[in-house]
Amino acid sequence: MARPVFNSSRAVDVQFAMTLVQLLDFDETKQLLITSVWKSYQWIDENLSWNPADYDGLEDIRLPPSITWTPDIVLYNNADEQYNREIHHELLAVMHNGLVKWIPSAIYRSSCPVNMANFPFDVQTCHFKFGSWTYDGNKLNLHFLNSTGPNIDLREYVNSSEWDMLSCEAKRSIRYYPCCGSDPYPELIYSVTVRRRTAFYIVVLILPCILLSCLTVVMFWFPPQRPDRTGLGMSLFSSFFVLLLILVQSSPPTSASISLLGIIIVLM
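Numbering (this note's numbering), first residue to last: -3 to 264.
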């Protein structure tokens, strides 16, 4: 559909905001963040304005997005191949002055590079990069919703059992792509910083590692001729190997960052 402006040389001003509802999963192995969000859009559709006095005081209506123009704002760092088939069914609220408000929900699977060097005391920062897929800034001017500004709305956020929310930031930037000459492409970048809750890993990894280290010291107190010294040594080796397997299952297969805890277990 054509852009909702009478003068084709004018850009459509689209205001955008993101509400983070829940952090559903963080797959460090696949470096994939799964979140539930609400997206808020506002823009003026010059084709959808009327005088309420001509329609018995009707000031607003609801329309399905399939019959009118909607901005093609996508998540640039999307990691879900099914996203392009996603169809929003949430209705648009259209005011008599042409103002359109739209709040669709979405489940995003976004790529997020992880740094496991400090696992399980690690802090991760993930980004959501939104922008138009086909319109440059001369046709669609994307910026933050005036009521929220450059922030992520956390009023509906449900706390995660595995991650603590540390901070949320947002900024607007202009990108220029080699394919498109001097055409500017505005994008909104939301950054979420989370810290892992460590209680589970302290019980499963840290405390057993400390206990096995103490037993390793005790083993050297045994006389060399005692047969149970060799048996204890083999048992300790097997236990450290199991801890290393648990750590490997929780870490992505990358050489960019190696867990310090893993290095300690190997050296022991």
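Think of the CB as a built atom: it goes at the ideal place given N, C-alpha and C, for glycine as much as any other residue. Quick caveat, the model's predicted, so the values are computed rather than measured.
Is the number of C-beta pairs between the segment 92 to 103 and the segment 131 to 143 that are closer than 8 Å three or more?
No, because fewer than three Cβ pairs between the segment 92 to 103 and the segment 131 to 143 fall closer than 8 Å, the two stretches do not touch.
Apply the 10 Å Cβ neighbour rule to residue 10 and answer buried if 16 or more other Cβ atoms are within range, or exposed otherwise.
It counts as buried.
When you compare only the Cα positions, how much space is there between residue 147 and residue 13?
Approximately 8 Å, taken between the alpha carbons.
Backbone secondary structure at residue 216 - three-state DSSP
In the three-state DSSP reduction, residue 216 falls in the coil class, being neither helix nor strand.
Would you call residue 21 buried or exposed, if buried means 16 or more other Cβ atoms sit within 10 Å of its Cβ?
Counting Cβ neighbours within 10 Å, residue 21 comes out exposed, since fewer than 16 surround it.
Who does residue 33 pair with in a DSSP beta bridge?
DSSP lists 16 and 102 as partners of residue 33.
CB-CB under 6 Å to residue 203, same chain, minus the five flanking residues each way: which ones, in chain order?
None.
Pull the bridge partners of residue 168 from the DSSP assignment, please.
DSSP, once it has assigned bridges, lists 184 as partnering residue 168.
Using a 10 Å radius around the Cβ and a threshold of 16 neighbouring Cβ atoms, would you call residue 152 buried or exposed?
Residue 152 comes out exposed.
Since residue 129 contacts residue 68 with CB under 8 Å, what's their CB separation in whole angstroms?
The Cβ separation is near 5 Å, so the contact holds.
Whole-angstrom distance between residue 124 and residue 131, CA atom to CA atom
Those two C-alpha atoms are separated by around 19 Å.
Environment of residue 39 [buried if 16+ CB atoms lie within 10 Å]
Burial call: buried.
Rounded to whole angstroms, what is the Cα-Cα separation between residue 110 and residue 159?
CA-to-CA, the gap between residue 110 and residue 159 works out to about 14 Å.
In or out: residue 230 buried (at least 16 other Cβ within 10 Å) or exposed?
Exposed, since its Cβ has fewer than 16 Cβ neighbours within 10 Å.
Should residue 205 be labelled buried (16 or more other beta-carbon atoms within 10 Å of its own) or exposed?
Its Cβ being crowded by 16 or more others within 10 Å, residue 205 is buried.
CB residue 245 to CB residue 190, shorter than 7 Å?
The answer is no: Cβ separation not under 7 Å.
Please classify residue 35 as buried or exposed, where buried requires at least 16 other C-beta atoms within 10 Å of its C-beta.
Looking at its Cβ environment, which holds 16 or more other Cβ atoms inside 10 Å, residue 35 is buried.
What is the rounded straight-line gap between the Cα of residue 219 and the Cα of residue 226?
In a straight line, the C-alpha of residue 219 is about 11 Å away from that of residue 226.
Just verifying my parser: in three-state terms, what is the DSSP assignment at residue 127?
Under the three-state reduction of DSSP output, residue 127 falls in the strand class.
Excluding five sequence neighbours on each side, which residues of the same chain lie with their C-beta closer than 6 Å to the C-beta of residue 91?
The residues are 56.
Status (buried if at least 16 other CB within 10 Å, exposed otherwise) for residue 223:
Under this definition residue 223 is an exposed residue.
CB of residue 228 within 7 Å of CB of residue 208, strictly
Taking 7 Å as the Cβ cut-off, residue 228 and residue 208 do not qualify as a contacting pair.
Would you kindly work out how many angstroms separate the C-alpha atoms of residue 172 and residue 181, rounded to a whole number?
Between the alpha carbons of residue 172 and residue 181 lies a distance of about 6 Å.
Presumed contact (8 Å Cβ cut-off) between residue 271 and residue 64, rounded CB distance
The structure shown has nothing for residue 271, since the chain only spans -3 to 264.
Grouping DSSP H, G and I as helix and E and B as strand, with all else coil, what is residue 94?
Three-state DSSP puts residue 94 in a strand.
Name the residue from 164, 115, 194 and 0 whose alpha carbon lies nearest to the alpha carbon of residue 41.
Comparing C-alpha distances from residue 41 to each of 164, 115, 194 and 0 shows the shortest one belongs to 0.
Cα-Cα separation, residue 28 to residue 112:
A straight line joining the alpha-carbon of residue 28 with that of residue 112 spans about 14 Å.
Taking 7 Å as the threshold (C-beta atoms), are residue 32 and residue 17 in contact?
Contact flag set, yes.
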